[in-house]
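Sequential numbering of the sequence shown, starting at 1, is according to full-length UniProt numbering. Just so it is clear, CB atoms sit at the ideal spot from N, CA and C, and this is done for glycine as well. These numbers come from a predicted model, not from an experiment. Working notes, structure below.
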Amino acid sequence: MIMAFFGVPVVAVLLLGLAAAASAQLSATFYDASCPSALATIKSGVTAAVSKEPRMGASLLRLHFHDCFVQGCDASVLLAETANFTGEQTAFPSPNVNSIRGLDVIDGIKAQVEAVCAQTVSCADILAVAARDSIVALGGASYTVPLGRRDSSSASLSEANRDLPPPTSDLADLVGNFSRKGLSVTDMVALS
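Have a look at this one:
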C-alpha cells in the first residue's frame with residue numbers, strides 16, 4: 001500500500017500532462033460560474049462508490065489512464081458500441097476487454113451532475129475529477145484538476161489496440177509503449 005501511494009503524485013502529474021495535451025484552455029475554475037456544485041457532486045458520487053467497494057477507487061483511476069492513453073483525455077473510452085459504431089471498450093488484446101471497471105459509476109455520477117447542471121460538465125472532466133477524488137478517498141494526496149476538456153464524439157478501436165499495452169507485454173514492450181507516450185520507466189511503474 002505504501003508503494004501505491006508513493007506513485008500518486010507521479011500519477012497525478014502524468015495524467016495532468018496527458019490532459020494538457022488534450023486541450024490548451026484548461027482552468028481549475030472552469031465551472032465556478034456555470035456549475036458551482038459540479039466538483040462536490042462528483043466527489044459525493046466517488047466517495048459513495050469507493051465506500052461501497054474500495055477497489056473502485058483504483059478502477060476509476062485506471063479508467064482515466066486508459067482514456068488518456070488513447071486519443072488524449074477526452075472520455076472516448078466511455079463511448080458505448082452500437083450497431084454502427086465501434087468504441088474502445090472492446091479493444092483486444094489490450095486490457096480493455098472485460099477488464100475496465102467503473103463505467104456504471106461514471107454514468108451514475110454524470111446523471112447526478114446533469115440533475116444539477118444539465119449539458120454543462122463534460123464527461124472527460126467528470127472522469128478526470130473522479131480519478132483524483134478516488135485517490136483522495138483511498139487516502140492519497142489531492143491535486144488540482146484543470147477543467148474544460150471537451151468530450152470526443154469518436155473513439156478508436158485501432159488506437160486502443162495499438163496504444164494500450166496488452167497483458168502479454170514483456171518489460172521491453174512496456175517500456176517502449178510508455179516511452180512512445182513520453183513517459184519514463186518510473187512513470188510506467190507508478191501507473192502499473
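Compute the beta-carbon to beta-carbon distance between residue i and residue j, rounded to the nearest angstrom, for a pair I have assumed lies under 8 angstroms.
i: Arg150; j: Ala124; result: 7 angstroms
i: Leu147; j: Val105; result: Actually they do not touch by this definition, with Cβ atoms about 19 angstroms apart.
i: residue 195; j: Val77; result: This structure cannot speak to residue 195, because the chain is shown only from 1 to 192.
i: Asp67; j: Ala75; result: 6 angstroms
Could you give the residue range of the alpha helix (DSSP H) that holds residue i?
i: Lys52; result: 38-52
i: Ala190; result: 185-191
i: Asn84; result: Here Asn84 belongs to no alpha helix (DSSP H), and DSSP marks it neither H nor E.
i: Asp32; result: Taken as a continuous stretch (DSSP letters only), Asp32 belongs to no alpha helix (DSSP H), as it is neither H nor E.
i: Cys68; result: 55-69
Could you give the distance in angstroms between the alpha-carbon of residue i and the alpha-carbon of residue j?
i: Asn161; j: Arg132; result: 26 angstroms
i: Ala111; j: Pro167; result: 33 angstroms
i: Met1; j: Pro54; result: Unreliable placement is indicated for Met1, whose pLDDT of 44 sits below 50; the coordinate value is still reported in the next sentence. About 13 angstroms.
i: Gln89; j: Ser34; result: 31 angstroms
i: Thr41; j: Asp187; result: 30 angstroms
i: Asp163; j: Ala155; result: 13 angstroms
i: Thr86; j: Leu157; result: 7 angstroms
i: Ala44; j: Phe65; result: Inspection of the sequence shows that residue 44 is occupied by Ser rather than by Ala. Those two C-alpha atoms are separated by around 21 angstroms.
i: Asp170; j: Thr82; result: 33 angstroms
i: Leu79; j: Ser153; result: 8 angstroms
i: Gln119; j: Gly182; result: 34 angstroms
i: Asp32; j: Met56; result: 27 angstroms
i: Ser37; j: Ala172; result: 45 angstroms
i: residue 203; j: Tyr143; result: With the chain covering 1 to 192 only, the question about residue 203 has no answer from this structure.
i: Val129; j: Asn84; result: 30 angstroms
i: Asp107; j: Val185; result: 33 angstroms
i: residue 196; j: Glu159; result: In the structure as shown, the chain begins at 1 and stops at 192. Residue 196 is therefore absent and cannot be evaluated.
i: Phe69; j: Ser179; result: 12 angstroms
i: Val145; j: Gly72; result: 15 angstroms
i: Ile126; j: Thr29; result: 14 angstroms
i: Pro165; j: Leu26; result: 28 angstroms
i: Val175; j: Leu191; result: 12 angstroms
i: Ser122; j: Leu103; result: 15 angstroms
i: Leu39; j: Lys52; result: 20 angstroms
i: Ala48; j: Ile109; result: 10 angstroms
i: Leu46; j: Val189; result: The residue you asked about is not Leu; residue 46 is Val in the sequence shown. Each residue's alpha carbon lies about 25 angstroms from the other.
Taking only heavy atoms of the ligand NAD into account, decide whether any of them is closer than 8 angstroms to the Cβ of residue i.
i: Ser44; result: Ligands displayed in this structure: none; no statement on the ligand NAD is therefore possible.
Problem - Sequence ranges, alpha helix (DSSP H) only - wholly within the region 116-175, length at least 4 - result: 123-137, 157-163
Exercise for the section: Inspect the CB distances between the region 113-124 and the region 135-146 and report whether three or more fall short of 8 angstroms. Expected result: no
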